[in-house]
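Enquirer: Structure below; questions to follow.
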Amino acid sequence: MAIAKRFEIAHETVFPKGAYLRGLVEPVTDFQAEQRPDGSRPQQHDKETGLRLWQCTVIDGDDEVGRREIGVTVKFAAEVQPVPPKNNSPLPWTPVEFVGLTALPYVDDSGKRPRIAWSFRAEGFATPGQSARVGEPKAAA
Numbered sequence: 001m002a003i004a005k006r007f008e009i010a011h012e013t014v015f016p017k018g019a020y021l022r023g024l025v026e027p028v029t030d031f032q033a034e035q036r037p038d039g040s041r042p043q044q045h046d047k048e049t050g051l052r053l054w055q056c057t058v059i060d061g062d063d064e065v066g067r068r069e070i071g072v073t074v075k076f077a078a079e080v081q082p083v084p085p086k087n088n089s090p091l092p093w094t095p096v097e098f099v100g101l102t103a104l105p106y107v108d109d110s111g112k113r114p115r116i117a118w119s120f121r122a123e124g125f126a127t128p129g130q131s132a133r134v135g136e137p138k139a140a141a
């Protein structure tokens, strides 16, 4: 069986009870680069595309999720900062759906016991239930 390192996965498979944006979409800092004279570091770029990397933290809406998995980081490779949908909910967090979501499993050996962890990337955001692949027209209502 041939599975690429990073594979496409449906938003509903990863977040069956929903995902909620916590905070802002921020640039990913490149800690491998030299510090600038002001002490800051440049933004990290995707190794394959050369595009800037951005990240956000989402809360997994599943009550069964463990403490270590409730806050999930999702990254984006894009030249401009991705814009999440407007929060029209009564919640303090914005309900989101990820378009073009991919996953990459890896071994996290930072704890007492190694475990399988996941790195997620997305092409963009959508309001839940209104997603279409980036670049594809949305279906008429």
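For what it's worth, the numbering used here labels the leading residue of the sequence shown as 1, then goes sequentially.
Heads up, the beta-carbon is just placed ideally off N, CA and C, and yes, glycines get one too.
Quick caveat: nothing in here was measured; it's all calculated off a predicted structure.
In the DSSP assignment, find the unbroken beta strand (DSSP E) run with Thr102 in it and report its ends.
Expert: Working through the sequence shown from its first residue, we reach residue 102 at position 102. Unbroken beta strand (DSSP E) run through Thr102: Thr102 to Asp108.
Enquirer: Given Val65, which residues of its chain have a CB within under 8 Å of its CB, disregarding the five upstream and five downstream residues?
Expert: Walking along the sequence shown from the start, residue 65 turns up at place 65. None.
Enquirer: Contact defined as beta carbons within less than 8 Å: I believe Phe125 pairs with Pro82. What is the distance between those atoms, to the nearest angstrom?
Expert: Residue mapping note: residue 125 aligns to position 125 of the sequence shown, counting from 1. Residue mapping note: residue 82 aligns to position 82 of the sequence shown, counting from 1. At roughly 6 Å, the Cβ-Cβ gap stays under 8 Å, so Phe125 and Pro82 are in contact.
Enquirer: Quick one, which of Glu12, His45 and Ala117 has its alpha-carbon nearest Val28's?
Expert: Numbered from its first residue, the sequence shown carries residue 28 at position 28. The option with the nearest alpha carbon to Val28 is His45.
Enquirer: When we look at the beta-carbon of Phe98 and count the other beta-carbons within 10 Å, is it buried (16 or more) or exposed?
Expert: Position 98 of the sequence shown, counting from 1, holds the residue named residue 98. Burial of Phe98 is indicated by the presence of at least 16 other C-beta atoms within 10 angstroms of its C-beta.
Enquirer: Cα-Cα, which of Tyr20, Thr102 and Gln32 is closest to Thr13?
Expert: Sequence index remark: in the sequence shown, residue 13 carries index 13 (1-based). Among Tyr20, Thr102 and Gln32, the Cα nearest to that of Thr13 is on Thr102.
Enquirer: Three or more C-beta pairs under 8 Å: does that hold for the segment 70 to 89 against the segment 23 to 37?
Expert: Enough Cβ pairs lie closer than 8 Å, so yes.
Enquirer: Hey, out of Ala117, Val58, Asp63 and Pro37, whose CA is closest to Ala19's CA?
Expert: By 1-based counting over the sequence shown, the position of residue 19 is 19. Nearest of Ala117, Val58, Asp63 and Pro37 to Ala19, Cα basis: Val58.
Enquirer: Measure the C-alpha to C-alpha separation of Gly23 and Arg113 and round it to an integer number of angstroms.
Expert: Taking the first residue of the sequence shown as 1, we reach residue 23 at position 23. Taking the first residue of the sequence shown as 1, we reach residue 113 at position 113. Their Cα atoms are separated by approximately 30 Å.
Enquirer: Pull up the distance between the alpha-carbon of Asp63 and that of Glu123, whole angstroms please.
Expert: On the sequence shown, residue 63 is found 63 positions in, with the first residue counted as 1. On the sequence shown, residue 123 is found 123 positions in, with the first residue counted as 1. So the alpha carbons of these two residues sit roughly 26 Å apart.
Enquirer: Taking only the alpha-carbon atoms, compute the straight-line gap between Glu69 and Phe15 and give it to the nearest angstrom.
Expert: Locating residue 69 in the sequence shown gives position 69, where the first residue counts as 1. Locating residue 15 in the sequence shown gives position 15, where the first residue counts as 1. Cα to Cα, Glu69 sits roughly 11 Å from Phe15.
Enquirer: Which of the three DSSP states is assigned to Thr13 in this structure?
Expert: Along the sequence shown, one-based indexing puts residue 13 at 13. If DSSP states are grouped into helix, strand and coil, Thr13 belongs with the helices.
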